[in-house]
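Only one structure is covered here, and it is reproduced in the block below.
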Amino acid sequence: MTTSPRRWKTDLFLVVAAAVAALAGTLAPLPFAPLRAALVVPLVVLLPGYALVAALFPERRSPPDSDDMARSTTVTDRSANATGLLFSVRIALSVAASVTLVAGVAFVVTVVGLPLDGPFVALGVFALTLLGTAVAFTRRALSDPGERAGLPSLSVAWPSDPRTGGTMLGDSGADDTIPFAANALVVVGLVVFASSLGLAAVTTQAGGPSFTEVAVVTETADGEYVADDYPRTLDGGTSTPVTVALENHEGQDHRYTVVATLARLDRTPNGTEVTDRAVLSRTTTTVAAGETGHVEPQVRPAVSGSQRRLSFLVYRGDAPADPTRDNAYRVVHLTLGTGSGSESLDAPVVTD
3 MTTSPRRWKT DLFLVVAAAV AALAGTLAPL PFAPLRAALV VPLVVLLPGY
53 ALVAALFPER RSPPDSDDMA RSTTVTDRSA NATGLLFSVR IALSVAASVT
103 LVAGVAFVVT VVGLPLDGPF VALGVFALTL LGTAVAFTRR ALSDPGERAG
153 LPSLSVAWPS DPRTGGTMLG DSGADDTIPF AANALVVVGL VVFASSLGLA
203 AVTTQAGGPS FTEVAVVTET ADGEYVADDY PRTLDGGTST PVTVALENHE
253 GQDHRYTVVA TLARLDRTPN GTEVTDRAVL SRTTTTVAAG ETGHVEPQVR
303 PAVSGSQRRL SFLVYRGDAP ADPTRDNAYR VVHLTLGTGS GSESLDAPVV
353 TD
């Protein structure tokens with residue numbers, strides 16, 4: 003009995019396809035957490051180990067019901083006709099090897115000083131998976147066509163002896179049930195345990211803090227944005243160029259509305275009080291997950307006074323009819339003070 007010409011390649015192609023999907027699920031923002039977990043968990047608990055085992059053992063195990071295998075031969079015999087591994091054993095070894103490889107990649111990422119996060123670890127595991135798959139493909143291609151390992155049929159993955167009705171893990175059909183079930187439970191237990199670890203890692207990463215970072219920046223002559231060199235004057239008749247940067251760490255694309263307001267601050271015995279306030283402009287923009295967007299609200303003074311506060315209220319989606327600091331998602335403001343006949347913009351203050 004020989005492995006199908008297509009079957010010896012099928013499992014390797016499936017490993018590559020699953021690895022590509024897992025890498026995409028790690029790098030691309032997926033709002034549906036279960037889908038992301040379904041794509042990424044195999045890369046943590048199965049794929050790299052399967053590629054390694056396939057590279058180390060390119061030959062299939064001779065089927066126990068083949069004509070050239072003696073009746074007394076079992077899966078533990080070290081004979082010429084018993085080379086290779088049972089598919090169930092391959093899966094068990096793959097799970098153990100995967101956990102080890104992922105831990106090794108995480109260790110290397112830490113040693114070289116890279117952030118220990120999903121993308122870097124996923125890229126390392128993905129590279130190992132492709133390397134192992136390439137080696138496995140080459141070794142299988144160089145093996146005898148009749149001995150190439152591959153995706154087996156169910157009868158080969160969990161072999162049985164048609165003459166006794168039992169598995170080849172024992173001597174008789176009645177006695178074979180217990181060792182077969184024990185081996186099956188071991189394999190299933192390993193897969194479930196490793197999958198739980200992988201799912202926990204993926205869920206922890208996906209459930210990290212989500213936020214939007216807001217800053218007031220200025221554009222240099224080279225087109226770079228820096229948090230420095232703010233405008234020194236605020237003329238009453240013209241619009242002052244001010245840029246607000248929105249860095250999206252929410253895990254998905256978001257539409258933002260930035261409302262610019264200007265308030266007059268008067269000192270009272272109890273502190274500072276807002277005595278006048280005006281909405282200057284509303285600006286909307288959409289920022290992709292992991293990207294930074296820039297908006298330039300229209301800032302034209304509509305409130306006079308010796309001390310004023312220019313605020314940028316950031317909302318996810320549309321802003322309410324009455325935007326305030328209390329109902330904004332993020333707030334960044336600049337205090338305008340009078341000095342030498344001109345209003346100066348101090349360093350911006352961000353309020354969550």
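Residues are numbered in my numbering as their position in the sequence shown, beginning at 1, plus a constant of 2.
We put the beta carbon where it would ideally sit given N, CA and C, even for glycine.
These figures come from a predicted structure and were not determined experimentally.
Query, Result
"Quick one: what's got a C-beta closer than 7 Å to Trp10's C-beta in the same chain, skipping five residues either side?", "Arg142, Arg150, Ala151, Gly152"
"Could you give the C-beta distance for Phe213 and Val260, rounded to a whole number, given that I count them as a contact under 8 Å?", "Actually they are not in contact, since the Cβ atoms of Phe213 and Val260 sit about 16 Å apart, beyond 8 Å."
"Check the DSSP bridge columns for Leu312 and list the partner residues they point to.", "Leu264, Leu336"
"From the DSSP secondary-structure annotation, give me the bridge partner or partners of Glu249.", "Glu215, Thr294"
"So what does DSSP say about Asp328, is it helix, strand or coil?", "coil"
"I'd like the list of long-range same chain contacts for Asp231, defined as Cβ closer than 7 Å, with 5 residues on each side in sequence excluded.", "Thr220"
"State the DSSP-derived secondary structure class of Leu45, mapped to helix, strand or coil.", "helix"
"In whole angstroms, what separates the C-alpha of Val281 from that of Ala35?", "39 Å"
"Using a Cβ-Cβ cut-off of 8 Å (strictly less than) and excluding sequence neighbours within five positions of Asn250, which residues of its own chain qualify?", "Thr214, His256, Val289, Ala290, Ala291, Gly292, Glu293, Thr294, Gly295"
"Secondary structure at Glu61, three-state DSSP: helix, strand or coil?", "strand"
"Should Gly27 be labelled buried (16 or more other beta-carbon atoms within 10 Å of its own) or exposed?", "buried"
"Could you tell me the distance, in whole angstroms, from the CA atom of Ala208 to the CA atom of Thr131?", "Low local confidence applies: a pLDDT of 47 at Ala208 is under 50, so the model's placement there is unreliable, and no value is given."
"What is the DSSP secondary structure of Arg302, reduced to helix, strand or coil?", "coil"
"Could you give the DSSP three-state label for Thr286: helix, strand or coil?", "strand"
"With distances taken from CA atoms, which of Val110, Arg318, Leu267 is nearest Glu252?", "Arg318"
"Quick one: residues in its chain with C-beta nearer than 6 Å to the C-beta of Val104, no 5 flanking neighbours on either side, listed in chain order?", "Val46, Val127"
"Looking at Gly134: is its Cβ nearer than 8 Å to the Cβ of Ala53?", "yes"
"Out of Pro50, Arg266, Arg302, which one is the CA nearest neighbour of Ala98?", "Pro50"
"Determine the extent of the alpha helix (DSSP H) in which Thr102 is found, giving its start and end residues.", "89 to 113"
"Report the rounded CA-to-CA distance for Phe139 versus Leu87, giving the unit in angstroms.", "17 Å"
"On the CB-based measure, 16 or more other CB atoms within 10 Å of its CB, does Asn329 come out buried or exposed?", "exposed"
"Give me the residue from Val17, Ala23, Val123, Arg284 with the minimum Cα distance to Tyr258.", "Arg284"
"Based on the DSSP output, what are the partners of Asp278 in its beta bridges?", "Arg266"
"With DSSP as the reference, label Thr222 as helix, strand or coil.", "coil"
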